Each structure stands twice: as C-alpha cells, then as structure tokens.
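Numbering (the UniProt record's numbering), first residue to last: 1 to 234.
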Amino acid sequence: MTKNGIILIDGGLGTTLELNGYTIHNDPLWSGKYLVNDPAIRPGRRGRDHDLHISNSQRIIENSVKIARDLKDWHRPRLEAIVRAEPDLIAFETIPSLVEAEALIDLLKEHPNTKAWLTYNCKDTKSTAYGEPIEDAVNVCLKSKQIIAVGVNCVDPTLVEPIVERISNIDRDIIVYPNAGNTWNEKLRQYNPDGQSIVPFVSNYLKAGVKWIGGCCGVDPDSIRQIKQLLVEA
Numbered sequence: 001m002t003k004n005g006i007i008l009i010d011g012g013l014g015t016t017l018e019l020n021g022y023t024i025h026n027d028p029l030w031s032g033k034y035l036v037n038d039p040a041i042r043p044g045r046r047g048r049d050h051d052l053h054i055s056n057s058q059r060i061i062e063n064s065v066k067i068a069r070d071l072k073d074w075h076r077p078r079l080e081a082i083v084r085a086e087p088d089l090i091a092f093e094t095i096p097s098l099v100e101a102e103a104l105i106d107l108l109k110e111h112p113n114t115k116a117w118l119t120y121n122c123k124d125t126k127s128t129a130y131g132e133p134i135e136d137a138v139n140v141c142l143k144s145k146q147i148i149a150v151g152v153n154c155v156d157p158t159l160v161e162p163i164v165e166r167i168s169n170i171d172r173d174i175i176v177y178p179n180a181g182n183t184w185n186e187k188l189r190q191y192n193p194d195g196q197s198i199v200p201f202v203s204n205y206l207k208a209g210v211k212w213i214g215g216c217c218g219v220d221p222d223s224i225r226q227i228k229q230l231l232v233e234a
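Okay, here's the thing in structure tokens:
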C-alpha cells in the first residue's frame, strides 16, 4: 500500500511466461499448468476460477436456480481447497455474470472468516460479459461484508474509467486490473501483438476513485514497476 492508500496488485506472470517461450492460452489451466508439470516454475500457487462454458443460454435463463446450484457445486471444492491454505484474501476474478457472482458470495458464507475481492469481466462500458448492467452486478457484491473490494479485470483499458464512473458511489474499495487490449486470434489461439500500455491510463483511474490497481493479460512486470513509480510520486 502506498502512502496515499492505493494498493498495487502485482501481476504479469502469464505474460512473462509467454515472453520466455511458454504457451499459455491453449490449456484450460492457463499459466497454472506450469505449477503441475514444470518444476522450475513452482514458487507461486494460486486458485483461480475461470471460464464457465455453457451451450444453451435460453435454458440457463429458464433454469437460473439450477444454474446457481450447479455453479456452487462446481466452485465449492476449489474454494474449500483455497480456504484450507489460509490465504489472507481470495480473488474471485474474471466473473462473467451476476448469477456466478451470487453463487460465489453464497459459498463464501460457508467460510465466515474469509475475505475476498470480486472483479467482473465486461463486454463494454456498462455491462458484464453476460450483458447485465454493471451497477446491478456490483450491488450483488455489496450485500456481503466479506467482499472488501469490487471492480473489473481483464477488460480493455479504455473501458475502465467509464465503468468506474458508474459504480463510484459504493461503500467498498474499487479494484481494477485491465488487460493490454490485445485482440484474440481464434485461428492461432493466441492474442495478437496489438495491445497498448495501461500506464498512461492510471492517473485517470485514480482520479475516478480506484483504490486497488494492477494489470491482467498482456501487462508485464515492467508496466507494474512503472505504475508503482506513478503511485510513489502521486
């Protein structure tokens, strides 16, 4: 935490692995696979909830209660494993929908001494990836005192400030860690090298009320160092 109360989220592991020749995006575990099969990259261990693929959206809407139960059943063993390790804080990140956030928050009640942050993935400046108003999605998080920070991650850096403006009047810290804005190449199953630095956006994020800041896909350790320097000088 800096002297002005801003928390810098360290990041850039996956991007750094890719820069060193490791393949990330063709495996469902992403960078986590190297915790399993590469003994040279094991110092960090983390739990990550990622990617809910569901084929029939109409059925989801009609069976929302069942979906919520299924989500809780899917997340429960993962959350229990993380809680057993006694983390200081859990990151629920890249959450695509309100219903998944609700499931996670309900599960968190089973561990009343555990705190978490929750960040949504958004498709534009006003909606979650699933299309719900971001204000509604954030309000779900505000019902739980165990969620100490809420915001967005892995979104284009140009989307962050308008999103934060929509949720700025909340009683929790706002957390953001955007990606570098790279577009996805479906044929090659990798990101195109067309991203940008998030560093020039940081000052505006802070002015908008962000208290926790970092970077996601495409943001390397050098960018994190530059952000730290900005925070020190602020």
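A virtual CB, placed ideally from N, CA and C, is assigned to each residue, including glycine.
If you're wondering where the values come from, they're calculated on a predicted model, not measured in any experiment.
Asked	Found
Starting from Val-202, follow the beta strand (DSSP E) in both directions and report where the run begins and ends.	Where Val-202 is concerned, there is no enclosing beta strand (DSSP E), although the alpha helix (DSSP H) it sits in stretches over 202-208.
What are the boundary residues of the beta strand (DSSP E) that Ile-227 is part of?	From DSSP, Ile-227 is part of no beta strand (DSSP E) but of the alpha helix (DSSP H) over 221-233.
Mind pulling the alpha helix (DSSP H) runs of 4 or more residues that sit fully within the region 86-169?	98-108, 134-142, 157-167
So the candidates are Pro-221, Glu-233, Arg-189, Leu-104; which of them puts its Cα closest to the Cα of Arg-78?	Leu-104
Of all the options Pro-112, Asn-121, Val-219, Val-83, which has the alpha carbon lying nearest to the alpha carbon of Glu-100?	Asn-121
Would DSSP call Asp-73 helix, strand or coil?	helix
Could you check how far apart the C-beta atoms of Asp-171 and Thr-183 are, in whole angstroms? I think they sit under 8 Å.	At roughly 36 Å, the Cβ-Cβ gap does not stay under 8 Å, so Asp-171 and Thr-183 are not in contact.
Tell me, which residues are paired with Val-176 by DSSP?	Val-152, Ile-213
Taking Pro-96 as the reference, which of Glu-110, Ala-85, Glu-132, Ile-82 has the closest Cα?	Glu-132
Tell me whether Asp-194 counts as near the ligand SAM, meaning its Cβ is closer than 7 Å to at least one heavy atom of that ligand.	Among the components of this structure there are no ligands whatsoever, and the ligand SAM is therefore not found.
Are Ile-198 and Ile-6 closer than 8 Å when you measure CB to CB?	no
Ignore the nearest five residues each way along the sequence and tell me which others in Val-202's own chain have a CB closer than 6 Å to its CB.	Ile-227, Leu-230
Applying the 10 Å Cβ sphere with the 16-neighbour rule, what's the burial state of Asp-156?	buried
Should Asp-220 go down as buried or exposed, given a rule of 16 or more other Cβ atoms within 10 Å for buried?	buried
Near Asn-192, which residues of its chain fall below 7 Å by C-beta distance, leaving aside the five closest residues on each side in sequence?	Asn-182, Thr-183, Asn-185
When the Cα atoms are used, what is the spatial distance from Leu-71 to Ala-81?	16 Å
Lys-123: which of Asn-153, Asp-10, Asp-173, Arg-69 sits nearest, CA to CA?	Asn-153
Consult DSSP for Leu-188 and reduce its assignment to one of helix, strand or coil.	coil
In terms of DSSP beta bridges, what is Ile-7 paired with?	Trp-212
Beta carbon of Ile-163, beta carbon of Val-210: below 8 Å?	no
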